[in-house]
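Under full-length UniProt numbering, the sequence shown has 251 at position 251, and the numbering climbs by one with no breaks.
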Amino acid sequence: MITRIEIDGYKSFDDFALDLSPFTVLVGANASGKSNLLEAVDLLGRLIREPTGQTLVDHARRGGPKELFRRGPDGTPVGVMRIAAHVLVHGDLGYCHLRVEARVTYVDPPDPLRVDTEVLNVHDHYAGDPDWAPPVPPRLYPDETGQLHCIEMPVQDAAYRRELAGATSNWRILEPSPKAMRVVSSTYDAAPLAEDGKNLGAVLGRIARDPERWYDFRADTVALLPDLVDITVEANAEWGQWDVWLQHRHEHRVTPGAASAGTLRVLALLAAAHDPAHEGVLLIEEPENGLHPTRVPQLLSRLKGRTSDPATLTAGDGRQILITTHSPVALAAALEDAPDSVVFLDTVTRFGDGHPPRRLSRARRVAESGERGTFVTPSKCGSISIPWGGTRVGRRYLSLALLTEGASDQWFLVPLVDRLIAELALEAPVGFDYSGVVAGECFTVAQRDLVAREVTDLLRYFDIVMVHHDHNERGKVDAVRERFPDDAHRIVALVPVRETEAWMLADPEAVREAAPTRDGAWELPYDVEKVADPKSLLKAALGGRRDAERDFGRLGQTVALDALNKVPAYRRWTAELREAMERLRFL
Numbered sequence: 001m002i003t004r005i006e007i008d009g010y011k012s013f014d015d016f017a018l019d020l021s022p023f024t025v026l027v028g029a030n031a032s033g034k035s036n037l038l039e040a041v042d043l044l045g046r047l048i049r050e051p052t053g054q055t056l057v058d059h060a061r062r063g064g065p066k067e068l069f070r071r072g073p074d075g076t077p078v079g080v081m082r083i084a085a086h087v088l089v090h091g092d093l094g095y096c097h098l099r100v101e102a103r104v105t106y107v108d109p110p111d112p113l114r115v116d117t118e119v120l121n122v123h124d125h126y127a128g129d130p131d132w133a134p135p136v137p138p139r140l141y142p143d144e145t146g147q148l149h150c151i152e153m154p155v156q157d158a159a160y161r162r163e164l165a166g167a168t169s170n171w172r173i174l175e176p177s178p179k180a181m182r183v184v185s186s187t188y189d190a191a192p193l194a195e196d197g198k199n200l201g202a203v204l205g206r207i208a209r210d211p212e213r214w215y216d217f218r219a220d221t222v223a224l225l226p227d228l229v230d231i232t233v234e235a236n237a238e239w240g241q242w243d244v245w246l247q248h249r250h251e252h253r254v255t256p257g258a259a260s261a262g263t264l265r266v267l268a269l270l271a272a273a274h275d276p277a278h279e280g281v282l283l284i285e286e287p288e289n290g291l292h293p294t295r296v297p298q299l300l301s302r303l304k305g306r307t308s309d310p311a312t313l314t315a316g317d318g319r320q321i322l323i324t325t326h327s328p329v330a331l332a333a334a335l336e337d338a339p340d341s342v343v344f345l346d347t348v349t350r351f352g353d354g355h356p357p358r359r360l361s362r363a364r365r366v367a368e369s370g371e372r373g374t375f376v377t378p379s380k381c382g383s384i385s386i387p388w389g390g391t392r393v394g395r396r397y398l399s400l401a402l403l404t405e406g407a408s409d410q411w412f413l414v415p416l417v418d419r420l421i422a423e424l425a426l427e428a429p430v431g432f433d434y435s436g437v438v439a440g441e442c443f444t445v446a447q448r449d450l451v452a453r454e455v456t457d458l459l460r461y462f463d464i465v466m467v468h469h470d471h472n473e474r475g476k477v478d479a480v481r482e483r484f485p486d487d488a489h490r491i492v493a494l495v496p497v498r499e500t501e502a503w504m505l506a507d508p509e510a511v512r513e514a515a516p517t518r519d520g521a522w523e524l525p526y527d528v529e530k531v532a533d534p535k536s537l538l539k540a541a542l543g544g545r546r547d548a549e550r551d552f553g554r555l556g557q558t559v560a561l562d563a564l565n566k567v568p569a570y571r572r573w574t575a576e577l578r579e580a581m582e583r584l585r586f587l
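What follows is the structure in C-alpha cells.
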C-alpha cells in the first residue's frame, strides 16, 4: 500500500506531495493532473523493478519519454524528474514502511536517460525532523519504540527488495476494453487482470475457485447489475480455456462476446477488486463510464469495501484503490460515503523563485475548515470547475474573489485581474501559487444584506475579496467594509468613475483588434473616464454584430495594462490591491 506520493519534474507536477488513503477519489476538471498522478504511480513501480532508460521508452504514456519531463516556459525540459512513494511492505520479518524513489536525469537523445533508484526506511528519511510522526497505525509497530521490524536492517543492501518488487508489480492502471474482454482466457493464465481486461475470464475463474469470495463477488455484481441473475465460469479442459456465461433475467445465457460494454466493465473492475491472488494498488480512470448514474454510488461503495484497512492488516500487501473522476454523481457519492477520501485537483500559476510563471497541478483535501487556500469544502467542491479554498508543501497560495455589479463586468474583469496579479507577482520577494480569481454568486446591485452575507462567506475562504461598483460609488464599498472591521484590509474596492466599459476603451489597439472589420470612422477619447456614455461608445466601436461575452473577455485579455495605468480609478484599484497583498505578506 502507498501512504504517500511525491512528484517533482514529471509533467504538470512540481514539488508535489499527497498522503493517500486506502480508497482515494481524485476529482477535478479536465487537464487538472488526475491522469498524470495515476501514470506517475504506475511509472514508479516499473522503474523500481527495471531502473533503466528503456523502461521509460517502453512504458511512457501519452507521449514519448521526453514529454514526461515538465517543461519551463521556454520549452526546456527540467534536468531531473523525481517520483517517490512511502510504501507499506510485508515480508518475513513483518511490515516495513519503505521510502522508494526514482530519479530520472534528462539527457538529449540518442544517449539513454539515466535512472537512479533508492530504497530507504521512512523513519531514516525523516530522522531529525521533530514534526514527523509515523503515519501508519501503531498496531503495525512491534514494540513501544515505535520502530518497524526492519529499522536496523540495511534495506539499501537488498532487505525487502524482493517483497518490494512483488508489491510494485501489482501497481497497475485499469482501462478495460470491451473488445479485449470478449476474448476467451487461457486456463494457464495466473496473472492479475490485464490493463485492457483481456484475461477477465481467467480472473473470474480464479475467484470462482473460492466459494466465499465468489459469493461476495456475485453479491457486488448483482447490486450493480440487478438483471444479471447468474454468472457461470467453467474450465474447458479440451480447449484449455475458461468458458464464461452470463444469465440475464428472462433471457438465454450469453458469453462475454455478446454482453454490453458497460456490463463487461463492471465485471472487470469488481473482478480486479476481488482477485484473491493479486492485491496491490488499482488505478482506475473514471469507473462510472458505461454505468447508469443511479448505480454509480453503489459501484464506489463496493470498490471501497474491497480495500484494506492498515490497522487490521495481518499479512499481505493489502488492496488500495485510486480512482479519478469529474462526474458530479461520482463526486456526490464519494462525499457522502467517504469525504476524507476525496482529493480535489486543479492547476495553479506559480510565481516567484526566480523563475517565469508556470502552470502546475496541486491537490487539496475536502474539509469544512482550515487555513485559507489549503482545503475545499464539500458544498463548494460540487462545482468541479471552480477552484475554491489539499496539501501544500512550504508554499503560500493566494486566493481572490470578485463581486461585480453584473455578468458583463465579470467577462472583462476576471481575465484582467489574473493579468494584474501576474504583473504584481514580479514584486513578490517569495513566490506564491495562484489559480485565478473566482467570481462570487451574488451581484453587488442586490440588497445590502445579501451582499454582506456573500462577503461573509467569501472572507472565510479567500484572502482578498474585491467589490465592484460603477459610477464612482465607493461609499457602497465603504459600507461593506464597516460591517467587517477586522477584515476591512482584505476588502478591495474596484470602482470605475463611470462604468467598466470605459476601461475597455483605454487601449485603441485592443479595441481595433476586437473589431477588425470596422472602418475606423469612430475615434476613442483620450480620457475615457470623462466619456458620458461609455456603453454606447463601446457598442459603436465594436459594431452591431458583436458577441458581448466574447468581446469583453477578449478585451480583458488584451487591453494594455500601461494604457489602463493612465486611468485614475484603475490606479486606485491596483494601489489598494497591492496594499492588501503587502499586508498579507504576498508582496
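Beta carbons are placed, not taken as given, at the ideal position from N, Cα and C, and that holds for glycine.
DSSP places F552 in the uninterrupted alpha helix (DSSP H) bounded by 548 to 558. In the structure shown, V87 adopts extended strand secondary structure according to DSSP, grouped into three states. Taken through DSSP and simplified to helix, strand or coil, H471 comes out as coil.
DSSP places Q247 inside the beta strand (DSSP E), whose first and last residues are 241 to 248.
Of the residues A194, E549, P276, R554, the one whose Cα lies closest to the Cα of D216 is P276. Runs of the beta strand (DSSP E) lying entirely within the UniProt domain "ATPase AAA-type core" (244 to 331), each at least 3 residues long, are 280 to 285, 319 to 325 in chain order. A distance of 8 Å or more separates the beta carbons of A165 and S185.
Note on geometry: alpha-carbon atoms of G257 and A338 lie some 36 Å from one another. In the three-state DSSP reduction, D74 falls in the coil class, being neither helix nor strand. A493 sits in a strand when the DSSP states are folded into three classes. In this chain, the beta strand (DSSP E) harbouring G352 covers 342 to 352. S536 sits exposed, since fewer than 16 C-beta atoms from the chains shown fall within 10 Å of its C-beta. It is roughly 57 Å from the alpha-carbon of F351 to the alpha-carbon of R209.
Residues of the same chain with a CB within less than 8 Å of the CB of V531, apart from the 5 flanking positions on each side, are R498, A502, L505, P525, L537 in chain order.
Straight-line measurement puts the Cα of N199 at about 14 Å from the Cα of A273. With contact defined as three or more Cβ pairs closer than 8 Å, the segment 454 to 464 and the segment 483 to 491 are in contact. For Y397, the enclosing beta strand (DSSP E) stretches over residues 396 to 398.
About 5 Å separates the CB atoms of I48 and T168; that is less than 8 Å, so the two are in contact.
With respect to the C-alpha of E279, the residue from N170, P226, V80 having the closest C-alpha is N170.
Residue state for P178 is assigned as helix, using DSSP reduced to three classes. Distance from the CA of R419 to the CA of S361, rounded to the nearest whole angstrom, comes to 20 Å.
The C-alpha of R295 lies about 6 Å from the C-alpha of L224.
DSSP places T52 in the coil class of the three-state scheme, outside both helix and strand.
Take the alpha-carbon of A271 and the one of L204: they are about 6 Å apart. Spanning the alpha carbons of G9 and F375 requires a straight line of approximately 24 Å.
Among the bridge pairs identified by DSSP, Y461 is matched with none.
Contact between H59 and L43 is confirmed by a C-beta separation of about 6 Å, below the 8 Å threshold. In this structure, the straight-line span from the alpha carbon of V511 to that of L577 is close to 26 Å. Taking a C-beta distance under 8 Å as the contact criterion, R71 and P77 qualify as a contact pair.
The C-alpha of V438 lies about 53 Å from the C-alpha of H250. Excluding the 5 residues flanking it on each side, T444 has same chain C-beta neighbours closer than 8 Å at L403, T404, E405, V451, V467, H468, H469, K476, in chain order. Note on T456: under 16 other CB atoms within 10 angstroms of its CB, so exposed under the neighbour-count rule.
Around T500, the same chain offers D409, F412, L413, D470 as residues with beta carbons nearer than 7 Å, after the five sequence neighbours per side are excluded. A Cβ-Cβ separation of about 6 Å places V366 in contact with F344 under the 8 Å criterion. Rounded to whole angstroms, H252 and V89 show a C-alpha spacing of 46 Å. Under the 10 Å beta carbon count, L426 is surrounded by fewer than 16 other beta carbons and is classified as exposed.
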